[in-house]
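Report on the following structure.
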Amino acid sequence: MKKGLLKKLIFGITMTAALGLSIVHTDSFAASLPYQSYNYNYWEDIVYTPAPYEPDYVVDGLSLSYNGESIGSFDTPEDLCVADDGTIYLADTKNNRIVILDSSARTVKGIIDHFDNNGTEDSFNQPYGVAISEKDQLYIADSQNKRVVVLDNEGNLVRIVDNPTSEVLEENFTFVPLKVTVDYADRIYCIAQNMFEGIMVFEADGQFTGFFGTINVDITLWERFWRKLASKEERSKSQLFIPTEFTGIDVDPEGFVYASNIDVNGEQGVRRLNPRGEDVIKKGVNENLGGDLWIAGSTEFAGPSQFTDVVYRKNGIYSCMDRRRGRIFTYDHEGNLLYIFGGIGTQDGNFQLPSAIESVGGDIIVLDATKANITYFKETEYGRLINQAVGLRYDGDETAAVELWNQVLLLDENNELANTGIGKAYLTAGDYEQAMKYLKLGMSREYYSVAYKRYRNQFLTKHASLFLTALILVVAALVVVSKLKDKGIIKSRKGKKDAESLL
Amino acid sequence: MQKAFSKEKWQYLLHTISHPMDGFYWIRHQDRGSVGIAILLVFIFSASFSANRLLASFVVNDIDARTVNSLYELFSVMILYLLFCVSNWSVTCLMNGEGRMKDIAIAIGYGTAPISFVLILGTIMSNFVADDEQAFYFLLLGVGIAYGLILMMIGIMQVHNYTLGKTLITVLITFAAFLIIVFLALLLFNLLGMVYNFFHSIYVEIIFRA
Chain A
37 MKKGLLKKLI FGITMTAALG LSIVHTDSFA ASLPYQSYNY NYWEDIVYTP APYEPDYVVD
97 GLSLSYNGES IGSFDTPEDL CVADDGTIYL ADTKNNRIVI LDSSARTVKG IIDHFDNNGT
157 EDSFNQPYGV AISEKDQLYI ADSQNKRVVV LDNEGNLVRI VDNPTSEVLE ENFTFVPLKV
217 TVDYADRIYC IAQNMFEGIM VFEADGQFTG FFGTINVDIT LWERFWRKLA SKEERSKSQL
277 FIPTEFTGID VDPEGFVYAS NIDVNGEQGV RRLNPRGEDV IKKGVNENLG GDLWIAGSTE
337 FAGPSQFTDV VYRKNGIYSC MDRRRGRIFT YDHEGNLLYI FGGIGTQDGN FQLPSAIESV
397 GGDIIVLDAT KANITYFKET EYGRLINQAV GLRYDGDETA AVELWNQVLL LDENNELANT
457 GIGKAYLTAG DYEQAMKYLK LGMSREYYSV AYKRYRNQFL TKHASLFLTA LILVVAALVV
517 VSKLKDKGII KSRKGKKDAE SLL
Chain B
22 MQKAFSKEKW QYLLHTISHP MDGFYWIRHQ DRGSVGIAIL LVFIFSASFS ANRLLASFVV
82 NDIDARTVNS LYELFSVMIL YLLFCVSNWS VTCLMNGEGR MKDIAIAIGY GTAPISFVLI
142 LGTIMSNFVA DDEQAFYFLL LGVGIAYGLI LMMIGIMQVH NYTLGKTLIT VLITFAAFLI
202 IVFLALLLFN LLGMVYNFFH SIYVEIIFRA
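Going down the list, the sequences are from chains A and B.
Each residue of the first sequence is one higher than the last, beginning at 37 in the working numbering.
Each residue of the second sequence is one higher than the last, beginning at 22 in the working numbering.
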């Protein structure tokens, strides 16, 4: 009785909340969105979901002006980064400048196209990556000048990092930095062109200290076998087994580096590297962090996702940008896919060649190198609910997340994460039957088993007297029957058979 | 000659399962088996196989229930049963096998009984196990399936009066024969299709000209 009331109450609250906040909101956009939003269920089937994010507006260089003059369109912008206060730094690569924008990207705060290098004026040559440190120092991967330039927030030169020397580097190695990021201790992590050994790490003083997060090459037994058979000439002509390069990096507040890479098998396109350079990312049930799962075939839509950049958002949530199909894959800290949206195309909200992804406030922004613009995506009710619920779970507050998950279920009733979340909350609350129901819907074997074991124990303890009575009655009956047989009151079957065989 | 489903035949089924060497020998030499029961057992096997895939608890069952089509599975199982019997019979005819078609059908059919039993038992049991108790379920299934296969092997061995080695060899050749039959069947259907198309086009031509 009480439970029913509570349920009704929760349902009522969530219904009104959903009606009040979301339905009008999401439905009016759903029809006009230039992409589909979906997720994969336990069986790796595609399940279409409401849009978690919708395009808000698009900013290109022509619409911006600085000191009364138009800044002109961007040319192949390759990277952007966001400071703590929301200021956006954009590497306008082919225009050889860094554009500083406010958090909405509608106002230009400044343009850096030259700096004072110990008395001489110096400029950039295809700045490919930018990063901002906690001390508000700007790190610019000045790719064709083969150096990383560090400027302070006034645009004064702090340091130039170039010509890394080390025994582990080849003699004729040219340092072409592409993407750069910096952690709380001002260590610089740099992805360099043709550097397959991993991410290059520099100490705060600019000293090259080594490689980081090397991706091991898997050679299958079959490939090994063929290489054994092949002659020397054949071997020299065959493809080299080289690990893939990293494509984008980001650092979370704890100093772990998120790095995206292109995995030809579509299994792991993002890594979380600890300070020793080991991959400590968690994978979900399907052990896949490679974006799309349906990649077989040979159409233009087939093939593994190619993650070109990754952004750590908050509460363990990170998003990866797939440049092959223009989709954004968002995972939580346990490696569960939260939602997928985005696509290639010419409409606003689609991409041609996405180059970088960042998050500003609650928005996701994507930089497109070919379209030379920035697209702002704002979260919908559906996205907000998932983000918040995952955030609460990340903080360990599963009970508080239940109401949010219930609202998610109203919008997307097969959402496995929501069902698992609710089930886990019931499990902690001690309602094992409800927990089992939701955990089964959420396909969570592990927690279902925990709930089931407790339910079974509860059931056995509750009915222990019944079982014991039954047991005693059965034993007593057996004793009585055997006594009666001994006295010949009941004829035993065996005796009957013996009698028959005698006849 | 007793009826196919008489009480004696059922009792002899139990005897065969528990004493396969002896049981299959007298099935061949005294007609103590029943083809009817064997076919029924294959039906039950197919049903319990589908039931296991559909109803086993999701703790041990990784199958999407929406992809299970029990009618289709029944059809496949019966086809496989028929094909195996035919190809085994064809092979053993050439290899001095003493068994008749009905003996082979009985040997295979009776061999499915323990498998069906553990599938049903396992399906019920799976609903009472947790994640870390899966091992019991899979042990049960494993033992049952292994025993079923051993039964079939002994059955084939006994009805043909083979040694174990020869049985294994004939079973391998049976699978080869199996593939040949499938190949020929495909070829036949393909050719029949062509013949049909030929007459169909003649028909169409006549219809349009007349």
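By construction, the Cβ of each residue, glycine as well, lies at the ideal position given by its N, Cα and C atoms.
Classification of residue i by the beta-carbon crowding that lies within 10 angstroms, buried from 16 upward
i	result
A/G155	exposed
A/I380	buried
A/V35	No information on residue 35 of chain A is available, as it lies outside the stretch 37 to 539 that chain A covers here.
A/I59	Since pLDDT at A/I59 reaches only 42, below the 50 mark, its modelled position is unreliable, and no value is offered.
A/V212	buried
A/G397	exposed
A/G246	exposed
A/H499	exposed
A/H150	exposed
A/Y354	buried
B/I228	exposed
B/Y224	exposed
A/G104	exposed
B/T37	buried
A/P113	buried
A/G596	Because chain A in this structure spans residues 37 to 539, residue 596 of chain A falls outside the shown range and cannot be described.
B/I66	Contrary to the premise, residue 66 of chain B reads as Phe rather than Ile in this sequence. So B/F66 ends up on the buried side.
B/R230	exposed
A/R142	exposed
A/C226	buried
A/A506	exposed
A/W330	exposed
Residue i versus the options, residue with shortest Cα-Cα distance
i	options	result
A/G327	A/F365, A/R308, A/G524, A/K350	A/F365
A/I401	A/N372, A/N208, A/V438, A/Y348	A/Y348
A/I136	A/Y225, A/G362, A/I168, A/I317	A/I168
A/V237	A/R223, A/Q162, A/L496, A/V516	A/R223
A/G478	A/L100, A/G459, A/G466	A/G459
A/L440	A/D128, A/W79, A/A127, A/V426	A/V426
A/E303	A/Q243, A/D178, A/K318, A/E290	A/K318
A/N351	A/A512, A/R429, A/I227, A/V287	A/R429
B/G118	B/A134, B/A126, B/T188, B/I202	B/T188
A/E415	A/D404, A/D358, A/V517, A/Y375	A/Y375
Continuous beta strand (DSSP E) stretch holding residue i: start and end
i	result
A/E469	A/E469 -> not in any beta strand (DSSP E); alpha helix (DSSP H) instead, spanning 468–477.
A/S159	156–159
A/I224	224–228
A/S355	354–358
Alpha helix (DSSP H) segment containing residue i, residue limits
i	result
B/S137	122–147
A/L504	500–522
A/E281	That residue, A/E281, is in no alpha helix (DSSP H); it is neither H nor E in DSSP.
A/H150	From DSSP, A/H150 is part of no alpha helix (DSSP H) but of the beta strand (DSSP E) over 150–153.
A/K460	452–465
B/G169	155–181
B/L92	91–115
A/G305	A/G305 -> no alpha helix (DSSP H), and no H or E assigned at all.
A/M231	Where A/M231 is concerned, there is no enclosing alpha helix (DSSP H), given that its DSSP letter is neither H nor E.
A/Y430	417–430
A/F387	A/F387 -> no alpha helix (DSSP H), and no H or E assigned at all.
B/Y46	41–51
A/E189	A small correction: the amino acid at residue 189 of chain A is Asn; Glu does not occupy that position in the sequence shown. Neither: A/N189 is in no alpha helix (DSSP H) and is coded neither H nor E.
A/L116	No alpha helix (DSSP H) holds A/L116; the beta strand (DSSP E) holding it covers 115–118.
B/T188	185–230
A/S296	Unbroken run through A/S296 is the beta strand (DSSP E), 293–297; no alpha helix (DSSP H).
TODO: Taking a Cβ distance cut-off of 8 Å, strictly less, list which residues of the stretch 465–489 of chain A are near chain B, in chain order.
DONE: K476, M479, R481, E482, Y484, S485, V486, Y488, K489
TODO: Give the residues from the stretch 75–101 of chain B that approach chain A closer than 8 Å (Cβ to any Cβ), ordered along the chain.
DONE: F79, V80, D85
Task: Interface positions of the stretch 62–92 of chain A facing chain B (Cβ-Cβ less than 7 Å), listed along the chain - done: W79
- [ ] Check whether the stretch 85–92 of chain A touches the stretch 416–423 of chain A, taking contact to mean three or more Cβ pairs, one atom from each stretch, closer than 8 Å.
- [x] yes
- [ ] Can you give me, in chain order, the residues of the stretch 182–213 of chain B that have a beta carbon less than 9 Å from any beta carbon in chain A?
- [x] none
Task: Near-chain A residues of the stretch 131–152 of chain B (beta-carbon distance less than 9 Å), N- to C-terminal order - done: F149, V150, A151, D152
Open item on the list: Whether or not the stretch 504–523 of chain A and the stretch 33–40 of chain B are in contact is what I'm after, with contact meaning three or more pairs of Cβ atoms, one per stretch, closer than 8 Å; do they touch?
Closed with: no
Open item on the list: Quick test of the definition: if touching needs 3 or more C-beta pairs under 8 Å, does the stretch 41–58 of chain B touch the stretch 70–85 of chain B?
Closed with: no
Task: Three or more C-beta pairs below 8 Å linking the stretch 171–184 of chain A and the stretch 214–228 of chain A - done: yes
Task: Meets three-Cβ-pair contact criterion under 8 Å: the stretch 114–124 of chain A and the stretch 426–445 of chain A - done: no
- [ ] Pair every Cβ in the stretch 210–222 of chain B with every Cβ in the stretch 162–169 of chain B, then say whether three or more of these pairs are closer than 8 Å.
- [x] no
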